[in-house]
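The letter at position 6 of the sequence shown is residue 8 when you use our numbering, and the numbering goes up by one with no holes. Heads up, the thing below is written out as C-alpha cells.
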Amino acid sequence: MDITYPLRKPINPINVLRQAGYHPINDYKSGQDSWVRTLGNLHYPRFHLHFKTTANAIQISLHIDQKQAASRFAKVPRHAGEYDSPIVQAEIGRLQRWFDYSQTV
3 MDITYPLRKP INPINVLRQA GYHPINDYKS GQDSWVRTLG NLHYPRFHLH
53 FKTTANAIQI SLHIDQKQAA SRFAKVPRHA GEYDSPIVQA EIGRLQRWFD
103 YSQTV
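This is the structure we're talking about:
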C-alpha cells in the first residue's frame, strides 16, 4: 500500500520510524535500504516499508512479508506479501499517528 503523507514542518523520518518500532535492513543483492517491524519474536511475518522524502511530504510503501523470499531458482513467487489487507491499512493509520505526533512536539 502506498501513501503520501504531507509534512507541516521538517522532521527526521528515521527517528519517527525507530520510535514506531521499525529497524533498518539492507538488501545486499539490490543495495536498497528498507525498514521492518516484526509481528512476533521471529523474522516473519513482518511489516516491510520503503520511504522517500520530499521538501514537504513523505512517501511510504508498506506491505507484510508473510515468509522469507524463495530462492531465485525456485519456480514459485519470490515472497508471500499482503499489500492492501486490513492489517496493512491499520498499520498505515498507526504510522500516520506517529508522524502527526512528531509534528506537534
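Just so it is clear, CB atoms sit at the ideal spot from N, CA and C, and this is done for glycine as well.
Check, Outcome
"Residue 22 burial status per 10 Å Cβ neighbour count (16 or more: buried)", "buried"
"Same chain only: Cβ atoms within 8 Å of residue 60, ignoring 5 sequence neighbours per side", "6, 7, 9, 15, 53, 54, 101"
"Member of 45, 68, 93 whose CA lies at the smallest distance from the CA of residue 4", "93"
"Pairwise C-alpha distance: residue 29 and residue 35", "6 Å"
"Other residues of its chain near residue 19: CB distance less than 7 Å, five sequence neighbours each side excluded", "37"
"Proximity winner among 85, 32, 24, relative to residue 41 (alpha-carbon distances)", "24"
"CA-to-CA distance, residue 98 to residue 13, given in whole angstroms", "13 Å"
"Distance between residue 27 and residue 114 (C-alpha atoms, nearest Å)", "The question about residue 114 has no answer here: the residues shown for the chain are numbered 3 through 107."
"Local conformation of residue 59 per DSSP, three classes", "strand"
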